[in-house]
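Per this note's numbering, the very first residue in the sequence shown carries number -9; after that it's consecutive.
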Amino acid sequence: MMKSAGIEENLLAILDSASDSKHTPDANDDRLAFLEAVRSACIVNENPPTSKMCEAVFQILRVGKSLELITESFRLLNELDKRFPHVYLSEKEASESSHLVVVEGDWSPFLFNLENASRERGAGCRSISGPLDSLGFLQLMQELGEVANEGNIQALEIKSLRNMLVLQYLINALEGDFLPRNRVYEETMNWTHLRESLLNLLLSTRKINYKGLMKDCLTIMCGLFDVSAGISEDLESPDNAAAKLSHNDNTASALALFELGNNACFALQKLLIMIMDLDMSRKKADMQGSTTRADGVRTPLMEIILDEITYDTDMLSPFLKVFNEPKWKLEIILQYFSKYTTRLSTRTRRSNGPTEDATTFSGVLNCFSNVTSIRSITKKISADVVQVLLAHAFQAHLSLSCQQDADGIAASKDEGRSSSLAEICENIISAFSNLRRTDAKMEILPIGKEALFTAATILSTETGAQV
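What follows is the structure in structure tokens.
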């Protein structure tokens, strides 16, 4: 302890001349020297960082005004969390359940503890560079929302890049805390582990509008994806790229937006997946009577996503493009279809085949096996939306099949899996053909053509393998 205190004192002394508001070249050099010294002391020499050291690194990320400072502080924070996790699973015997270890007194980028929050407020309102409470997280999301809505690289500032990195780090911190807790919950069904998770504390607070925050997440994710896609198109055309970037005072920042935008989208996807996993665990806890009134009531994220992509069709395609986790992506699409196809799947089910309903991809495809049922569906969902949903569901199904192959799942059932995949491909082609039969003027969208080409290729391969 004394050794850590001595290291802390020596390292923090490097920042004596670099206050949050001072951004001279010398002050920035001191900050970089501090980051390198922390990396050497903690990562290289394996000394656990103190809370003050972690907070100082986080402060640099939150107030840094150069790309080098914010990227180096971001990288160091993630390295420290990986090397010295705050929550982790202990070693266990094969017959034992996992044991959750929570390091008491560790620094956190979040400020949900009432005692700590009161102390911070007493020290002078909410610090612009310290840990964030729920309102600080909401403000960060709102600022990123402005960037996503603007979609203009000429208006880009270092603050926008910094906010993206802060968001990514915060979500990484939530993930590091949530995943081991959720794993232990699945083994022990002890809701307390998840009740005390940072993610649950963030979502349970009454200071913020939970639904509004989730809608902001979806808007930002789709908006940043569009911005990154736009920059990618410009970079593929040297003339356009040169013209646009020549008007930008900080070309490095503009180029960094492409990478940071993609990474921020991926981080938001991780956040959404964690929340849906938490919702599933919360549902189990509710059924077991483990929750109390103090846990509150929260609308499952799945319902919020379905409402948004159902009533805002402009969001549907961008969301399905950026959200690429196959298990949840397929589940979202199946839930979307289930609103309109549950009864139809019962009517169109083959009497001599296995029972399939609209909660499975095969069941959904059965609903597109005849023109009558398709006409009923397209009265409620446009043909273009149907194409987008079917194509993305097919992509997700193929990704899951590849994952199962890579993980060795169903290794002893290769023949059955191949047959099932071939049937899925035949049904995809049939579904699009039947859609065309309902409207001869309907054009197949590019993503639909891609799905048809993929299905035909797989069928050709399957046929060739059997010859």
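Using N, Cα and C, we set each Cβ at its ideal position, and we do this for glycine too. No experiment lies behind these values; they were computed from the predicted model shown.
Checklist entry - Taking the continuous alpha helix (DSSP H) assigned at residue 70, which residues delimit it? => result Residues 57 to 73.
Checklist entry - Under a Cβ-count criterion, where at least 16 other Cβ atoms within 10 Å of its own Cβ denotes burial, should residue -4 be classed as buried or exposed? => result exposed
Next on the checklist: Quick check: the Cα distance between residue 180 and residue 279, rounded to an integer number of angstroms?
Outcome noted: 11 Å
Next on the checklist: Tell me the rounded alpha-carbon separation between residue 300 and residue 185.
Outcome noted: 31 Å
Checklist entry - If we count the other Cβ atoms within 10 Å of its Cβ and call it buried at 16 or more, is residue 259 buried or exposed? => result buried
Item to check | Nearest residue (CA-CA) to residue 256, options 202, 77, 269 and 315 | outcome: 315
Checklist entry - Going by beta carbon distance, what residues of the same chain come within less than 6 Å of residue 435, once the five residues before and after it are set aside? => result 377
Checklist entry - For residue 124, which of 193, 169, 138 and 170 has the nearest alpha-carbon? => result 193
Checklist entry - Do the region 33 to 41 and the region 121 to 140 make contact, defined as three or more Cβ pairs closer than 8 Å? => result By the C-beta criterion, the region 33 to 41 is judged not to be in contact with the region 121 to 140, since fewer than 3 inter-stretch pairs fall below 8 Å.
Item to check | CB contact flag (residue 64, residue 155, <7 Å) | outcome: yes
Checklist entry - From residue 48 to residue 42, what distance separates their C-alpha atoms? => result If you take the alpha carbons of residue 48 and residue 42, they lie about 10 Å apart.
Next on the checklist: Quick check on the burial criterion: 16 or more other C-beta atoms within 10 angstroms. Buried or exposed for residue 80?
Outcome noted: Under this definition residue 80 is an exposed residue.
Checklist entry - Just how far apart, CA to CA, sit residue 147 and residue 52? => result Straight-line spacing of the CA atoms in residue 147 and residue 52 works out to 14 Å.
Next on the checklist: Could you check whether residue 282 and residue 275 sit closer than 7 Å to each other, using their CB atoms as the reference points?
Outcome noted: no
Checklist entry - Between the C-alpha atoms of residue 25 and residue 66, what's the straight-line distance to the nearest angstrom? => result 7 Å
Checklist entry - residue 122 lies in the beta strand (DSSP E); which residues open and close that run? => result Looking at the DSSP string, residue 122 is not in any beta strand (DSSP E), and its letter there is neither H nor E.
Checklist entry - When burial is assigned at 16 or more other CB atoms within 10 Å of the CB, is residue 114 buried or exposed? => result Annotation note: pLDDT 39 at residue 114 (below 50); position unreliable, coordinate value reported separately. Residue 114 comes out exposed.
Checklist entry - Could you give the residue range of the beta strand (DSSP E) that holds residue 77? => result 77 to 79
Item to check | Endpoints, the beta strand (DSSP E) within which residue 90 is located | outcome: 90 to 92
Checklist entry - For residue 296, which option in 432, 284 and 322 has the closest C-alpha, if you only look at C-alpha atoms? => result Nearest option by C-alpha distance: 322.
Checklist entry - For the alpha helix (DSSP H) that contains residue 286, what are its first and last residues? => result In the DSSP annotation of this structure, residue 286 is not part of any alpha helix (DSSP H), being labelled neither H nor E.
Next on the checklist: Buried or exposed, going by whether 16 or more other CB atoms sit within 10 Å of the CB of residue 99?
Outcome noted: buried
Next on the checklist: Helix, strand or coil, according to DSSP, for residue 100 in the structure here?
Outcome noted: strand
Next on the checklist: To the nearest angstrom, how far is the alpha carbon of residue 451 from that of residue 352?
Outcome noted: 21 Å
Item to check | 4-residue-minimum alpha helix (DSSP H) runs that sit fully inside the region 145 to 231, ordered along the chain | outcome: 148 to 178, 182 to 185, 188 to 194 and 200 to 226
Checklist entry - Run through DSSP, which three-state label would residue 275 get? => result Collapsing the DSSP output to three states places residue 275 in a helix.
Item to check | Inter-residue Cα distance where the pair is residue 372 and residue 309 | outcome: 17 Å
Checklist entry - Among residues of its own chain, excluding the 5 on either side of residue 386, which ones have a beta-carbon nearer than 6 Å to its beta-carbon? => result 316, 319 and 320
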